[in-house]
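Structure record follows, encoded as structure tokens.
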Amino acid sequence: TEHGGACPAFYSCVDMSDLSAQSENVDAYSKKQLLEHVKAMASPEFVAKHKLLGAKPWEKIGKDAAVTIFKQFQEEVKAGGGSGGGGAAAGGGTASKAPDGGVPVGVPVVSMFATPAAGAGGAPPFQFNFNLGAPPPADEGQEDEGKRGGRRGGGRKPDVDAIAGKMGKVTVSGGSTDADAARLSALRDLQTQYDTAKAEFEHKRRELEREFEDKTAPLGDKRRGIITGAEAVAGAQGPGGIPNFWLVAMQNHHLIEQDIHPADEPILKHLTDITCSTKLGGEHKGKEGFQLCFHFEANDFFSESVLTKTYIMDEEDEDSLENVQGCPISWQPGKDVTCKLVTKKQRKKGKERTVTVKEPCDTWFSFFSPPAVPDDDAEIDDDEAEMLQSMLESDYELAAVYRDKLIPQAVLFFLGEADDSEDEDWEYGSDDDDDDDDDDDDD
Numbered sequence: 001t002e003h004g005g006a007c008p009a010f011y012s013c014v015d016m017s018d019l020s021a022q023s024e025n026v027d028a029y030s031k032k033q034l035l036e037h038v039k040a041m042a043s044p045e046f047v048a049k050h051k052l053l054g055a056k057p058w059e060k061i062g063k064d065a066a067v068t069i070f071k072q073f074q075e076e077v078k079a080g081g082g083s084g085g086g087g088a089a090a091g092g093g094t095a096s097k098a099p100d101g102g103v104p105v106g107v108p109v110v111s112m113f114a115t116p117a118a119g120a121g122g123a124p125p126f127q128f129n130f131n132l133g134a135p136p137p138a139d140e141g142q143e144d145e146g147k148r149g150g151r152r153g154g155g156r157k158p159d160v161d162a163i164a165g166k167m168g169k170v171t172v173s174g175g176s177t178d179a180d181a182a183r184l185s186a187l188r189d190l191q192t193q194y195d196t197a198k199a200e201f202e203h204k205r206r207e208l209e210r211e212f213e214d215k216t217a218p219l220g221d222k223r224r225g226i227i228t229g230a231e232a233v234a235g236a237q238g239p240g241g242i243p244n245f246w247l248v249a250m251q252n253h254h255l256i257e258q259d260i261h262p263a264d265e266p267i268l269k270h271l272t273d274i275t276c277s278t279k280l281g282g283e284h285k286g287k288e289g290f291q292l293c294f295h296f297e298a299n300d301f302f303s304e305s306v307l308t309k310t311y312i313m314d315e316e317d318e319d320s321l322e323n324v325q326g327c328p329i330s331w332q333p334g335k336d337v338t339c340k341l342v343t344k345k346q347r348k349k350g351k352e353r354t355v356t357v358k359e360p361c362d363t364w365f366s367f368f369s370p371p372a373v374p375d376d377d378a379e380i381d382d383d384e385a386e387m388l389q390s391m392l393e394s395d396y397e398l399a400a401v402y403r404d405k406l407i408p409q410a411v412l413f414f415l416g417e418a419d420d421s422e423d424e425d426w427e428y429g430s431d432d433d434d435d436d437d438d439d440d441d442d443d
């Protein structure tokens with residue numbers, strides 16, 4: 001699948017089936033795995049009842065609640081009313097419970113392994129598709145017994161022997177169950193080989209990305225020198241440097257330009273370089289993600305020489321953001337463009353007084369104050385979650401423009417030669433939103 005492994009239903013139906021016999025093993029699985037399993041196998045009514053519709057419901061549900069939902073689903077399955085996407089109904093026949101509480105006897109394999117149909121409680125498409133990280137080789141992911149292994153799922157690996165025993169009870173065809181078990185064992189071996197090859201590929205890809213980053217870093221340093229005038233260029237006479245290089249380059253990208261306001265321009269004229277690195281340090285050392293660095297020459301607006309924005313990817317799901325971190329800005333008195341002082345009159349108990357309050361302003365520098373990513377156990381309503389996800393996606397997409405477009409092609413943007421048409425779908429208030437408005441009008 002696009003998420004780099006076997007069909008999700010394979011692991012849901014096979015690996016997770018062990019839980020029905022050993023409920024104490026539930027805690028060994030992440031809440032994402034538990035809820036994905038329920039979404040894949042439960043009826044649409046069960047999914048809707050427990051608010052599992054929409055993208056990534058596990059982001060709004062705590063681990064304890066996920067365990068409770070999973071156990072309720074198991075109870076309904078035992079009672080004969082909870083299974084929809086992967087139960088006997090999907091296979092067109094009836095099934096009796098296995099003696100050990102595992103995979104039901106007589107369920108056709110096709111129903112156990114089929115990907116759930118859209119609208120029938122199937123897993124939704126991923127909202128984030130950043131694909132930054134790469135899992136370590138298979139022998140690097142097994143650290144402590146207490147840690148949930150595997151970068152792509154966060155759960156333990158299936159017990160092959162236990163699965164083999166359960167598969168012996170599954171009716172595949174009219175042939176021998178020994179032959180069926182042999183075929184399934186061969187398929188499992190192929191899957192293991194594929195997963196190993198995929199892990200090696202991702203690891204090598206990540207190594208190549210870092211090698212490329214190391215190789216191009218000196219080119220970026222030389223570019224900075226030419227822009228600032230510190231690097232001599234043959235045939236260039238007179239004072240060195242290219243004034244306002246980064247301001248002009250940024251204004252020539254339509255997504256970035258719309259965030260630059262008149263009050264920002266005098267400050268951004270002091271911008272000398274923009275860099276990106278996947279080698280995170282400090283509290284984020286060893287984690288997957290990247291950091292944007294905006295380098296400024298000495299100026300009268302703030303004291304920092306570098307402003308940073310850091311994106312950390314989820315260790316259990318590398319397609320999701322774990323955290324976004326901006327940085328504080330030490331503004332000089334009267335130079336803060338992120339807010340303005342407003343004088344207001346207040347009346348209390350017949351007395352009037354004048355107070356001065358700060359009100360936020362639209363500014364490019366708001367980029368360094370991103371929305372906070374809530375904790376896993378935080379409870380937020382659907383509207384707030386949808387708004388937060390939209391804000392985080394827009395923020396990330398803008399960061400990707402800096403990383404993938406502006407930084408590597410800065411001179412082309414400065415000259416107005418770069419093509420940013422591919423980024424039109426990322427524009428705030430895009431055509432998709434307009435289409436939604438049109439649909440509302442038609443209603």
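Under my numbering, think of the first position of the sequence shown as 1, with each following residue one higher.
The beta carbon of each residue, even a glycine, is placed where N, CA and C say it ideally should be.
As the structure is a prediction and not an experimental result, all values here were calculated from the model.
Along the alpha helix (DSSP H) that carries Gly-220, what are the first and last residues, could you check?
Start and end: 177-228.
Specify, as a first and last residue, the run of the beta strand (DSSP E) that Ile-312 falls within.
306-313 is the extent of the beta strand (DSSP E) around Ile-312.
So, helix, strand or coil for Cys-13, using DSSP?
Only weak support exists for where Cys-13 lies, its pLDDT of 39 falling under 50; the value from the coordinates is given anyway. The answer is helix: DSSP assigns Cys-13 an H, G or I state.
Leaving aside the five residues before and after His-253 along the sequence, list all residues of the same chain whose C-beta is less than 8 Å from its C-beta, in chain order.
Cβ within range, chain order: Val-401, Lys-405, Leu-406, Phe-413, Ala-418, Asp-420 and Asp-423.
Lys-358 to Pro-328 span [Cα, whole Å]:
As the crow flies, the alpha-carbon of Lys-358 is around 17 Å from that of Pro-328.
Looking at the structure shown, is Asp-375 part of a helix, part of a strand, or coil, going by DSSP?
Correct three-state label for Asp-375: coil.
Reduced DSSP category for Ser-43 - H, G, I as helix; E, B as strand; rest coil
It is coil, neither helix nor strand.
Under the three-state DSSP convention, the category Thr-338 falls into:
DSSP places Thr-338 in coil when its eight states are reduced to three.
Going straight from the alpha carbon of Ala-263 to that of Asp-273, what length do you get?
Rounded to whole angstroms, Ala-263 to Asp-273 spans 20 Å at the Cα level.
Can you give the beta carbon distance from Ala-399 to Leu-292, rounded, assuming they're within the 8 Å contact cut?
That pair is a contact at about 6 Å.
Where does Arg-151 sit, in a helix, a strand or coil, going by DSSP?
Low confidence applies to Arg-151: its pLDDT is 35, below 50, so where it sits in the model is not reliable enough to give any reading.
CA-CA distance, Ala-120 and Val-67?
Unreliable positioning characterises Ala-120 in this predicted model, as indicated by a pLDDT of 40, which lies under 50. The coordinate reading is nonetheless provided below. Each residue's alpha carbon lies about 21 Å from the other.
Using 8 Å for Cβ pairs, my map puts Trp-246 next to Leu-280. What's the rounded Cβ distance?
No, Trp-246 and Leu-280 are not in contact; Cβ-Cβ is about 23 Å, not under 8 Å.
Residues near Phe-368 by beta carbon distance below 7 Å, same chain, minus five either side:
Within the same chain, and ignoring the five residues on either side of Phe-368 in sequence, the residues whose Cβ sits closer than 7 Å to its Cβ are Leu-307, Lys-309, Gly-326, Cys-327 and Ile-329.
Grouping DSSP H, G and I as helix and E and B as strand, with all else coil, what is His-261?
Correct three-state label for His-261: coil.
Give the range of the beta strand (DSSP E) segment to which Asp-420 is assigned.
Element bounds for Asp-420: n/a, residue is neither H nor E.
Would you call the segment 370-389 in contact with the segment 49-63, where contact means no fewer than 3 C-beta pairs closer than 8 Å?
These segments touch.
Which residues DSSP lists as bridging His-295, in chain order:
Partner(s): Asp-273 and Val-306.
Which stretch, first to last residue, makes up the beta strand (DSSP E) that contains Lys-279?
In the DSSP annotation of this structure, Lys-279 is not part of any beta strand (DSSP E), being labelled neither H nor E.
Ser-43, buried or exposed, once every other Cβ within 10 Å from all chains shown has been counted against 16:
By the Cβ-count criterion, Ser-43 is buried, with 16 or more other Cβ atoms from all chains shown falling within 10 Å of its own Cβ.
Kindly list the residues whose CB is nearer than 7 Å to the CB of Arg-224, restricted to its own chain and excluding five residues on each side of it in sequence; keep chain order.
Beyond the five residues adjoining it in sequence on each side, Arg-224 comes within less than 7 Å, by CB distance, of Thr-272 and Asp-273 in the same chain, given in chain order.
Same chain, Cβ closer than 7 Å to Glu-231, neighbours up to 5 away in sequence not counted:
Lys-222 and Gly-225, listed in sequence order.
Could you tell me the distance, in whole angstroms, from the CA atom of Asp-178 to the CA atom of Ala-186?
So the alpha carbons of these two residues sit roughly 12 Å apart.
Based on the DSSP secondary-structure assignment, which residues constitute the bridge partners of Gln-346?
Gln-346 pairs with Arg-353.
Give the DSSP bridge partners of Trp-331, in chain order.
Per the DSSP secondary-structure output, Trp-331 pairs in a beta bridge with Phe-302.
Where does Ala-298 land, buried or exposed, given buried means 16+ other C-beta within 10 angstroms?
With fewer than 16 other Cβ atoms inside 10 Å of its own Cβ, Ala-298 counts as exposed.
Segment limits, beta strand (DSSP E) that includes Glu-322:
Element bounds for Glu-322: 321-325.
Is Gly-220 near Thr-275, with beta carbons less than 9 Å apart?
Yes, Cβ-Cβ distance for Gly-220 and Thr-275 is below 9 Å.
Beta-carbon proximity check, Phe-302 vs Phe-294, cutoff 9 Å
No, they are not a contact pair.
Does the beta-carbon of Phe-365 have 16 or more other beta-carbons within 10 angstroms, so that it is buried, or is it exposed?
Counting every other CB atom within 10 Å of its CB across the protein chains shown gives Phe-365 a total of 16 or more, marking it as buried.
What span of residues does the alpha helix (DSSP H) with Glu-288 cover, start to end?
First-last for Glu-288: undefined, no H or E at that position.
CA nearest to the CA of Pro-370, picked from Asp-377, Ala-378 and Leu-392:
Of the candidates Asp-377, Ala-378 and Leu-392, the one whose C-alpha sits nearest the C-alpha of Pro-370 is Leu-392.
Limits of the unbroken alpha helix (DSSP H) element including Thr-68
Secondary structure note for Thr-68: its alpha helix (DSSP H) is the uninterrupted segment 63-79.
Are the CB atoms of Leu-341 and Tyr-396 nearer to each other than 9 Å?
With respect to Tyr-396, Leu-341 sits apart: the two C-beta atoms are not nearer than 9 Å.
Given a cut-off of 9 Å, decide if Lys-63 and Ser-30 are closer than it, judged by their beta-carbon atoms.
It is a contact, given that the beta carbons lie within the stated cut-off.
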